[in-house]
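S.K.: When we follow UniProt numbering, the leftmost residue of the sequence shown carries the number 1, and every step to the right adds one. Beta carbons are placed, not taken as given, at the ideal position from N, Cα and C, and that holds for glycine. Pasting a structure below so you can have a look.
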Amino acid sequence: MQTPHHRKIELQSPADLTYLYANTVALARQKLDLHLPSSASNDPNTPDPMRERVRELIDEFITQTFTSALASISINGIDFVSSSGGTDSSLPFSATLTTPETVEYEPYDGALAARVTSLYAQLESLTTTVAQLRRDAPKRAAKAYADALAKALAEDNAEAEMLDREAKDVEMANGITKTEEEGSNSGNPVQDPPKRTFSSSKSEWKLQAPLGSDHEAERWRHGDMAETYSDTLRILLRLQGEVVVAGDDHHDSETADGSRALATTVGQAERAVRATEVVERM
1 MQTPHHRKIE LQSPADLTYL YANTVALARQ KLDLHLPSSA SNDPNTPDPM RERVRELIDE
61 FITQTFTSAL ASISINGIDF VSSSGGTDSS LPFSATLTTP ETVEYEPYDG ALAARVTSLY
121 AQLESLTTTV AQLRRDAPKR AAKAYADALA KALAEDNAEA EMLDREAKDV EMANGITKTE
181 EEGSNSGNPV QDPPKRTFSS SKSEWKLQAP LGSDHEAERW RHGDMAETYS DTLRILLRLQ
241 GEVVVAGDDH HDSETADGSR ALATTVGQAE RAVRATEVVE RM
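Pasting the structure below:
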């Protein structure tokens with residue numbers, strides 16, 4: 001009686017059932033020869049009635065067992081009894097046991113064999129490529145990231161050096177203005193700072209700055225516009241994070257380490273953004 005709670009015995013072909021039945025019969029013959037050997041009889045040519053009767057009972061039991069199990073066997077998902085097309089379960093079972101297993105061969109296809117060989121060669125090539133990429137890709141990615149990061153840091157350092165040079169130029173201008181003021185107050189002549197001389201100069205290198213009206217030119221000559229220019233640069237440096245106080249050397253030495261707080265923070269943020277872009281592009 002079939003119940004939905006137990007799975008059927010799944011076989012791939014009727015030859016599997018034949019194989020199981022043949023192995024069961026062979027084991028039964030071995031046990032029969034062990035316990036009732038044919039050499040024990042007085043006449044080897046005359047069959048032993050007891051041995052023959054036991055063999056018939058064993059064969060009948062094995063056949064009955066396999067016949068009863070046919071309802072619980074499925075071949076490729078199809079019930080064995082329904083696939084055989086008969087109501088008597090013994091008939092398809094006996095036909096299955098008596099039908100020899102046939103092996104069918106297809107004609108050799110050269111194009112198909114060449115296709116299989118080509119696919120196997122392609123598979124081996126792709127496997128080799130993947131293995132090579134697993135060894136080399138991390139190293140190349142790390143090198144590219146290191147080069148990009150080094151380039152970004154070099155650009156940041158160049159920008160920081162340029163800001164330092166601009167700050168030194170402003171400090172030098174402030175020192176010159178202060179020296180001129182002290183010299184004018186004391187009446188002593190002020191020595192001009194050493195100037196850099198160029199072996200050759202081109203006309204396009206000379207800066208021709210318009211001074212505006214005569215009044216503005218007079219202010220430039222007396223130093224009023226220079227002070228305004230210095231104040232403007234000082235304000236710009238404060239906005240960049242530089243703390244510049246004219247005439248206060250002690251204050252400048254104390255604030256030298258933390259004078260570029262804003263500029264340093266902006267530089268670090270830009271380096272972080274560039275590093276993130278490099279990682280996203282990989």
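Starting from the C-beta of residue 25, find all residues in its chain whose C-beta is less than 8 Å away, skip the five residues before and the five after it, and write them out in chain order.
M.R.: Looking up residue 25 in the sequence shown gives position 25. If we look at residue 25 and ignore the five residues flanking it on each side, its Cβ neighbours are 59 and 62.
S.K.: Assign residue 273 to one of two classes, buried (16 or more other C-beta atoms within 10 Å of its C-beta) or exposed (fewer than that).
M.R.: Counting from one through the sequence shown, the residue named residue 273 turns up at place 273. So residue 273 ends up on the exposed side.
S.K.: How do the stretch 3–19 and the stretch 67–78 stand: do at least 3 beta-carbon pairs fall below 8 Å, yes or no?
M.R.: A contact exists between the stretch 3–19 and the stretch 67–78.
S.K.: Is the beta carbon of residue 34 closer than 8 Å to that of residue 54?
M.R.: Your numbering for residue 54 matches position 54 in the sequence shown. Your numbering for residue 34 matches position 34 in the sequence shown. Contact flag unset, no.
S.K.: CA-CA distance, residue 229 and residue 278?
M.R.: As a working note, residue 229 is residue 229 in the sequence shown. As a working note, residue 278 is residue 278 in the sequence shown. The straight-line gap from Cα to Cα measures roughly 41 Å.
S.K.: Under a three-way DSSP split, which group does residue 253 fall into?
M.R.: Within the sequence shown, the letter at position 253 stands for residue 253. Caution applies to residue 253, whose pLDDT of 45 falls short of 50 and renders its modelled position unreliable; the model cannot decide the point.
S.K.: Measuring CB to CB, does residue 152 end up less than 8 Å from residue 271?
M.R.: On the sequence shown, position 152 is the one that residue 152 refers to. On the sequence shown, position 271 is the one that residue 271 refers to. Contact flag set, yes.
S.K.: Bridge partners for residue 369 per DSSP, in chain order?
M.R.: The question about residue 369 has no answer here: the residues shown for the chain are numbered 1 through 282.
S.K.: Around the Cβ of residue 170, are there at least 16 other Cβ atoms within 10 angstroms (buried) or fewer (exposed)?
M.R.: Within the sequence shown, numbered from 1, the residue matching residue 170 stands at position 170. By the 10 Å Cβ count, residue 170 comes out buried.
S.K.: So for residue 79, helix, strand or coil by DSSP?
M.R.: Counting from 1 along the sequence shown, the entry for residue 79 is found at position 79. Residue 79 falls in the strand class under three-state DSSP.
S.K.: Does the beta-carbon distance from residue 167 to residue 236 come in below 8 Å?
M.R.: Taking the sequence shown and counting its residues from 1, one reaches residue 167 at position 167. Taking the sequence shown and counting its residues from 1, one reaches residue 236 at position 236. Taking 8 Å as the Cβ cut-off, residue 167 and residue 236 do not qualify as a contacting pair.
S.K.: Check residue 105 in the structure and name its three-state DSSP category.
M.R.: Taking the first residue of the sequence shown as position 1, residue 105 is located at position 105. In the structure shown, residue 105 sits in coil (DSSP, three-state: anything other than H, G, I, E or B).
S.K.: Cα separation between residue 13 and residue 134?
M.R.: Indexing the sequence shown from 1 puts residue 13 at position 13. Indexing the sequence shown from 1 puts residue 134 at position 134. Between residue 13 and residue 134, the C-alpha separation is close to 45 Å.
S.K.: Indicate the three-state DSSP secondary structure (helix, strand or coil) for residue 149 in the structure shown.
M.R.: The sequence position of residue 149 within the sequence shown is 149, counting from 1. If DSSP states are grouped into helix, strand and coil, residue 149 belongs with the helices.
S.K.: Please state if the CB of residue 38 and the CB of residue 51 are separated by a distance shorter than 8 Å.
M.R.: The residue labelled residue 51 in the question sits at position 51 within the sequence shown. The residue labelled residue 38 in the question sits at position 38 within the sequence shown. For residue 51 and residue 38, yes; Cβs fall inside 8 Å.
S.K.: Keeping to the same chain, check which residues put their C-beta closer than 8 Å to that of residue 56; ignore five residues upstream and five downstream.
M.R.: Within the sequence shown, residue 56 is the residue found at index 56, counting from 1. Cβ within range, chain order: n/a, list empty.
S.K.: Specify the secondary structure class of residue 157 as computed by DSSP and reduced to three states.
M.R.: Here residue 157 is taken as the residue at index 157 of the sequence shown, counted from 1. Three-state DSSP puts residue 157 in a helix.
S.K.: So, under 8 Å CB-CB, residue 275 and residue 149 are touching, yes? Tell me the CB distance rounded to an integer number of Å.
M.R.: Counting from 1 along the sequence shown, the entry for residue 275 is found at position 275. Counting from 1 along the sequence shown, the entry for residue 149 is found at position 149. Indeed they touch by this definition, with Cβ atoms about 6 Å apart.
S.K.: Does residue 228 come out as helix, strand or coil in the three-state DSSP assignment?
M.R.: Here residue 228 corresponds to residue number 228 of the sequence shown, with the count starting at 1. Residue 228 falls in the helix class under three-state DSSP.
S.K.: Mind checking which residues open and close the alpha helix (DSSP H) that includes residue 63?
M.R.: Residue 63 sits at position 63 when you count from the first residue of the sequence shown. 49–68 is the extent of the alpha helix (DSSP H) around residue 63.
S.K.: Does residue 45 come out as helix, strand or coil in the three-state DSSP assignment?
M.R.: The sequence position of residue 45 within the sequence shown is 45, counting from 1. Residue state, collapsed to three classes: coil.
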